[in-house]
Amino acid sequence: MPRTRAKTKKVALSSTASESRRGFFPFLQYASVVGVHVILVGFTALYLPQSTLLFGPLPVRKTDRPQSEFMEVLTARPAVTAAWTLAGLCVLQVWWGTWVRKWHFEQQANGTSDEIKISRAKVNGVWFARLREAVGFTLFATAVTHVVIILFGAPLLRRVLCPALSSMHAPEHLYSHHLQTGLLASVVAILTAFVPAFVFGYPSLASDATALLNRLNWIRLFAELSPRNPVERVVVYPAVGAVVGAWVGAFPIPLDWDRPWQAWPLTPLYGSLAGYIIASLAALAVNSLTWLAQEQLHSVQPSTKYKSS
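The structure is reproduced here in structure tokens:
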């Protein structure tokens, strides 16, 4: 009889721990990591391109609108600035995606402590496979984004005066903008597509039930914009912010201000990064309010006690 009571009590405690574990979100850890993340995104955007000075001086430009050396480095070679930013984001988003994937697992984990350990080992075991899938999906998203940016009016060619060709009645030389547009598309894709694919899995077209549920999840998140938990808000808000920021950032380019920072694709590039940072902080604010509300409810509700029979 005592053994039966002890076993019943152990099962009840295990059930209680399992119920409290499900839906768990490490808010304090998330708040500290997201703060570091947005700071590093800003550093990548503003200070990593300054590394260009390590490889030689900047080209001399004659302009009636002088800039500080800090801004001159960012605007002198827009493609180089975008390339440095992309390189930094490639490393940064893998680090950030690993954290978000960990929180996603902790929120979905259910069962006893031993079962959770086994599930965690399985999730960690497919880390490289999920990374390859996320990289492949990001490359696909880059190609799609490149086409969409061109359809939205991205410049294809730019005319540069070339006095050496004046005798040939062709004083202008045409340069392609595809490199700049491709770098912008890569930055937008890695800000919007990589982390969701790394955390939830890419939306496969397979016919099995798992792939179908995953596609429906992507539709709910990115078509209906309906995140339901903190991890989904962490993923959806910055992705939407990056797209909106890139769109808003394109507005100053056609204006006749003749500023060096209006060179393609600087304004949509930095608009995308600014939108990503602002949306990440918005997700932090919403998750903070939700977490405080839940803590208040838990403190008001009486605790449930299991009585042994």
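Take the sequence shown: its letters are residues 723 to 1031, numbered as in the numbering used here. Ideal Cβ placement from N, Cα and C applies to all residues, glycine included. No experiment lies behind these values; they were computed from the predicted model shown.
Taking a 10 Å sphere around the C-beta of ASN1009, we find 16 or more other C-beta atoms and assign the residue as buried. Around the beta-carbon of PHE973, fewer than 16 other beta-carbon atoms lie within 10 Å, marking it exposed. Two segments are said to touch when three or more pairs of C-beta atoms, one from each, lie closer than 8 Å; by this definition the region 761–770 does not touch the region 947–954. Just measuring C-alpha positions, the residue of LYS839, VAL970 and ALA911 sitting nearest ALA856 is ALA911. Excluding five sequence positions before and after PHE749, the CB atoms of its chain that fall closer than 6 Å to its own CB belong to TRP1013, given in chain order. The region 862–876 makes contact with the region 900–908, as at least three CB pairs between them are under 8 Å. A Cβ-Cβ distance of about 4 Å is found for the pair GLY997 and GLY963, placing them in contact under the 8 Å criterion.
Setting aside the 5 residues that flank it on each side, PRO990 is surrounded in the same chain by LEU906, ALA968, GLY971 and ALA972, each with a C-beta closer than 7 Å to its C-beta; the list follows chain order.
Of the candidates THR914, ASN939 and LYS844, the residue whose Cα lies closest to the Cα of VAL966 is THR914. Here ARG842 carries a helix assignment [DSSP, helix/strand/coil]. Comparing alpha-carbon positions, the option among ARG981, VAL921, ARG937 and GLY858 lying closest to LEU927 turns out to be ARG937. Here THR807 really is in contact with LEU770; their C-beta atoms are around 7 Å apart, less than 8 Å.
Going by DSSP, ALA996 is part of the alpha helix (DSSP H) stretching over 988–1022. Taken through DSSP and simplified to helix, strand or coil, GLU946 comes out as coil. Shown here for PHE747: same chain residues with a beta carbon closer than 6 Å to its own, the five before and five after excluded, namely GLN829 and PRO952 in chain order. Considering only TRP940, HIS1020, VAL845 and ALA798, the residue with the shortest C-alpha distance to PRO918 is TRP940. Sixteen is the threshold: when 16 or more other Cβ atoms of the shown chains lie within 10 Å of the Cβ of ALA863, as they do, the residue is buried.
Annotation for LEU906: the continuous alpha helix (DSSP H) segment containing it runs 900–914. The Cβ atoms of PRO960 and ALA933 lie no closer than 9 Å to each other. Apart from sequence neighbours up to five positions away, the residues of its chain that approach PHE827 with a beta-carbon distance below 6 Å are VAL845, ordered along the chain.
Per DSSP, the continuous alpha helix (DSSP H) segment holding ALA798 begins and ends at 791–798. Around the Cβ of VAL760, a 10 Å sphere holds 16 or more other Cβ atoms; the residue is buried.
Straight-line spacing of the CA atoms in SER1021 and ASP930 works out to 43 Å. If you compare the alpha carbons of SER773, ALA801 and LYS824 with that of ILE838, the shortest gap goes to LYS824.
A direct Cα-Cα distance of roughly 12 Å separates ALA865 from HIS900.
In this structure, the alpha-carbon of ARG852 lies about 16 Å from that of VAL957. In this structure, the alpha-carbon of PRO982 lies about 16 Å from that of GLN772. Taking the C-beta atoms as reference points, PRO976 is found no nearer than 9 Å to GLN902. Following the DSSP letters along the chain, one finds PRO952 inside the alpha helix (DSSP H) bounded by residues 952–971. Take ALA801, set aside five residues on each side of it, and the residues of its chain with a beta-carbon closer than 8 Å to its own are LEU901, GLN902 and LEU905, in chain order. Assignment of PHE920 by DSSP, reduced to helix, strand and coil, places it in the helix class. When rounded, the separation of the alpha-carbon atoms in TRP979 and ALA985 is 11 Å. Taken atom to atom, the span from the alpha-carbon of GLN1018 to that of LEU1011 is near 11 Å.
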